[in-house]
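Mind the numbering: the sequence shown is residues 26 to 272 in this note's numbering, read in order.
Glycine is no exception: its CB is placed at the ideal position from the N, C-alpha and C atoms.
Reading through the structure tokens given below for one structure.
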Amino acid sequence: MIGTWINIAAVLAGGAVGLVLGARFPDRLRQTVIAALGLFTAGLGVRMFLQTEEPILALGGIALGAVLGEWWRIEDHLVGLGAWLERRFALRADEGAEGGRFVRGFLTSSLLFCVGPMTILGSVQDGLSGDYSLLAIKSVLDGLAAMALASTLGVGVLFSVLVIVVYQGGLTLLAAQVHTLLTDAMTAEMTAAGGLMLLGLAISSLLEIRRIRVGNLLPGLFVAPLLVAVQGPIARLFSSLVAAIGR
Numbered sequence: 026m027i028g029t030w031i032n033i034a035a036v037l038a039g040g041a042v043g044l045v046l047g048a049r050f051p052d053r054l055r056q057t058v059i060a061a062l063g064l065f066t067a068g069l070g071v072r073m074f075l076q077t078e079e080p081i082l083a084l085g086g087i088a089l090g091a092v093l094g095e096w097w098r099i100e101d102h103l104v105g106l107g108a109w110l111e112r113r114f115a116l117r118a119d120e121g122a123e124g125g126r127f128v129r130g131f132l133t134s135s136l137l138f139c140v141g142p143m144t145i146l147g148s149v150q151d152g153l154s155g156d157y158s159l160l161a162i163k164s165v166l167d168g169l170a171a172m173a174l175a176s177t178l179g180v181g182v183l184f185s186v187l188v189i190v191v192y193q194g195g196l197t198l199l200a201a202q203v204h205t206l207l208t209d210a211m212t213a214e215m216t217a218a219g220g221l222m223l224l225g226l227a228i229s230s231l232l233e234i235r236r237i238r239v240g241n242l243l244p245g246l247f248v249a250p251l252l253v254a255v256q257g258p259i260a261r262l263f264s265s266l267v268a269a270i271g272r
């Protein structure tokens, strides 16, 4: 889990710099930096989605994932965790902001740092061979993002390391099993679903164009590759039924 610890250190360091120097940044500069980060995230999301080989499977994965996420109320639980941490450490939320600035910073950074192919592929690579080069690259990007986010959204960004250690660290520990189950096609659709989530995150939290409960889309990361896995058997079954009817 060396790559995960490097990632955590980068987020903490970047977030700390953002907190210390953030007050010295003009509001216009901070808003522009967040907007630039939002545009980059949106562009990265589009690029990830374009890796899909079967767009209908990516759509099905994220749609079914949304149903599961709403059922399990994943985003509500993440918001609740952020609110509990805020109360536990006596941190004051901004008035009028839904769930407070702390919760927004925690939720936005948790999703941004944990959704994407680098998280999955880097964790698998680190777990199987000890090569954490992908996670090291991701750590640099996350550190810069944490600096920008913490300067605007506050200390909640630093607490996203809890999600990183559980989610990314868990993927590393389960790397062998994940690696044996995923095919190239499954990875492509998982990446495409993650790209749509990053695009939604940019629209909702970074660019603030429209509110989207992106946290409730997270099951789509696992539903999309499952649809790829069952696509072949279902197609063969359908063909057999058509052939039987034709007789």
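Look at the beta carbons and you see the stretch 183-194 touching the stretch 127-144: at least three pairs across the two are nearer than 8 Å. The Cβ atoms of LEU82 and LEU252 sit closer than 7 Å to each other.
With 16 or more other Cβ atoms inside 10 Å of its own Cβ, LEU174 counts as buried. The Cβ-Cβ distance between MET222 and LEU199 does not fall below 7 Å. Burial check for GLN193: the Cβ neighbour count within 10 Å reaches 16 or more, so the residue is buried. The stretch 161-180 and the stretch 209-219 do not touch, with fewer than three beta-carbon pairs separated by less than 8 Å. In its chain, beyond the 5 residues on either side, GLY194, THR197 have a beta carbon closer than 6 Å to the beta carbon of MET26. When the five nearest sequence neighbours on each side are left out, the beta carbons in the same chain lying within less than 6 Å of the beta carbon of THR144 are those of GLN193, in order along the chain.
Around the C-beta of ARG126, 16 or more other C-beta atoms lie within 10 Å, and the residue is accordingly described as buried. The C-beta separation of GLY130 from GLY181 comes to about 3 Å, placing the pair in contact by the 8 Å criterion. Apart from sequence neighbours up to five positions away, the residues of its chain that approach LEU64 with a beta-carbon distance below 8 Å are ALA227, LEU232, ordered along the chain. Taking a cut-off of 8 Å on C-beta distances, the stretch 31-46 touches the stretch 161-169, as three or more cross pairs fall below it.
The alpha carbon of ALA91 has as its nearest neighbour, out of LEU246, ASP151, GLY43, the alpha carbon of LEU246. DSSP places GLU233 in the coil class of the three-state scheme, outside both helix and strand.
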